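Numbers 4 to 264, taken from our numbering, label the letters of the sequence shown in order.
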Amino acid sequence: MSDQRDPEMTQSNGRTPRILLLAALLIAPATHAQPQGTARRILDLTNQDRQEHGLPALRWDAPLAAAAQAHADRMAREPALSHQYSGEPELMERAAAAGAHFQAIAENIAMGPSPQSIEQGWMHSSAHRTNILDPRMNAIGIAVAERGGYLYAVEDFDQSSEVLTREQVEQRVRELLRAQNVDPSAPAGPAEQACSIDRGIPQGSNARSIIRFETPDLTQLPAQVAQQIRGGDFRKAAVGACAQQPAQANFTTYRVAILFY
Numbered sequence: 004m005s006d007q008r009d010p011e012m013t014q015s016n017g018r019t020p021r022i023l024l025l026a027a028l029l030i031a032p033a034t035h036a037q038p039q040g041t042a043r044r045i046l047d048l049t050n051q052d053r054q055e056h057g058l059p060a061l062r063w064d065a066p067l068a069a070a071a072q073a074h075a076d077r078m079a080r081e082p083a084l085s086h087q088y089s090g091e092p093e094l095m096e097r098a099a100a101a102g103a104h105f106q107a108i109a110e111n112i113a114m115g116p117s118p119q120s121i122e123q124g125w126m127h128s129s130a131h132r133t134n135i136l137d138p139r140m141n142a143i144g145i146a147v148a149e150r151g152g153y154l155y156a157v158e159d160f161d162q163s164s165e166v167l168t169r170e171q172v173e174q175r176v177r178e179l180l181r182a183q184n185v186d187p188s189a190p191a192g193p194a195e196q197a198c199s200i201d202r203g204i205p206q207g208s209n210a211r212s213i214i215r216f217e218t219p220d221l222t223q224l225p226a227q228v229a230q231q232i233r234g235g236d237f238r239k240a241a242v243g244a245c246a247q248q249p250a251q252a253n254f255t256t257y258r259v260a261i262l263f264y
């Protein structure tokens with residue numbers, strides 16, 4: 004028997020061996036370097052379901068597992084399943100505080116008698132199945148707490164972002180500009196200064212144009228940058244990266260300014 008009346012939270016109203024309670028959410032002391040025991044079994048079942056639908060396996064993410072463990076332990080102490088309890092940070096904050104870097108994040112939670120029953124319940128629930136089969140997700144952390152013979156399981160998924168230094172970000176963007184036949188060899192200093200301010204071109208720069216952007220994806224230039232290159236006769240550019248805005252601290256994005264000459 005399963006109860007899926009509310010994808011956000013399911014209230015427990017029984018303790019028989021057949022009960023399976025689920026909840027799904029869209030959108031840290033333990034190390035959890037590698038999954039063990041029950042968490043490993045749930046990971047294997049989740050990846051098996053993904054592979055059966057032509058999706059790549061999710062890689063294990065220790066920070067996500069640490070965030071999941073803290074929440075699983077809390078679930079096992081509470082009378083009902085929830086993605087956020089009183090006084091507890093929301094999912095994004097929990098994951099970020101544990102050290103996860105992500106572009107997107109989602110969570111499945113459940114209570115059940117076995118890993119197999121939990122995974123089957125998730126796959127037979129639209130919201131949970133969507134999380135498991137989301138092609139954007141590439142990492143997972145799973146945690147399990149036990150109470151009274153029942154497993155309280157949490158699996159946190161994310162679309163992980165690389166953590167790059169300023170120099171690495173600038174180098175990635177330079178490579179993208181070279182592919183557009185723009186020489187990015189102008190000194191980075193003025194562009195880094197331009198990145199740290201909201202508008203205008205730094206004094207003393209003879210740049211003809213500037214564009215600032217934030218992106219989680221350094222495999223391609225944002226559309227506005229490509230459009231600017233097509234619309235101007237630019238042969239040289241300077242690339243500067245700087246810290247992302249505090250409001251986006253839960254996500255890993257890259258803040259960049261390009262000066263065109």
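All C-beta atoms, glycine included, are put in the ideal place defined by N, C-alpha and C. Owing to the predicted nature of the structure, the values given are computational and were not obtained by experimental measurement.
Item	Value
Rounded straight-line distance, which links the Cα of residue 84 to that of residue 228	46 angstroms
Inter-residue spacing [alpha-carbon to alpha-carbon] between residue 75 and residue 153	12 angstroms
Cβ shell of residue 140 (< 8 angstroms), same chain only, five flanking positions each side left out	61, 107, 109, 134, 160, 161, 162
Endpoints, the beta strand (DSSP E) within which residue 157 is located	153-163
Given 8 angstroms, three or more beta-carbon pairs between the stretch 38-52 and the stretch 120-132	yes
DSSP bridge partner residues for residue 121 (one or two, in chain order)	Beta-bridge pairing links residue 121 to no other residue.
The stretch 62-70 contacting the stretch 87-107, beta-carbon criterion three pairs below 8 angstroms	yes
Under 9 angstroms between C-beta atoms of residue 259 and residue 187	no
Cutoff 9 angstroms: residue 177 Cβ touching any chain B Cβ	Absent from the structure is chain B; it holds one protein chain and no more.
First and last residue of the uninterrupted beta strand (DSSP E) at residue 133	Run containing residue 133: none in the beta strand (DSSP E); it sits in the alpha helix (DSSP H), 129-135.
Residue 257 vs residue 238 beta-carbon contact at 9 angstroms	no
Secondary structure of residue 218, DSSP reduced to three states	strand
Nearest-angstrom Cα separation, counted from residue 173 out to residue 222	12 angstroms
Continuous alpha helix (DSSP H) assignments of at least 4 residues falling wholly in the stretch 38-96	40-55, 65-80
Close-in-space but distant-in-sequence residues of the same chain around residue 136 (CB under 8 angstroms, 5 per side omitted)	52, 53, 56, 58
Residue 244 vs residue 176 beta-carbon contact at 9 angstroms	yes
Three-state secondary structure assigned by DSSP to residue 228	helix
DSSP three-state assignment for residue 172, whether helix, strand or coil	helix
Status (buried if at least 16 other CB within 10 Å, exposed otherwise) for residue 118	buried
Closest Cα partner of residue 126 within the set 166, 111, 138	111
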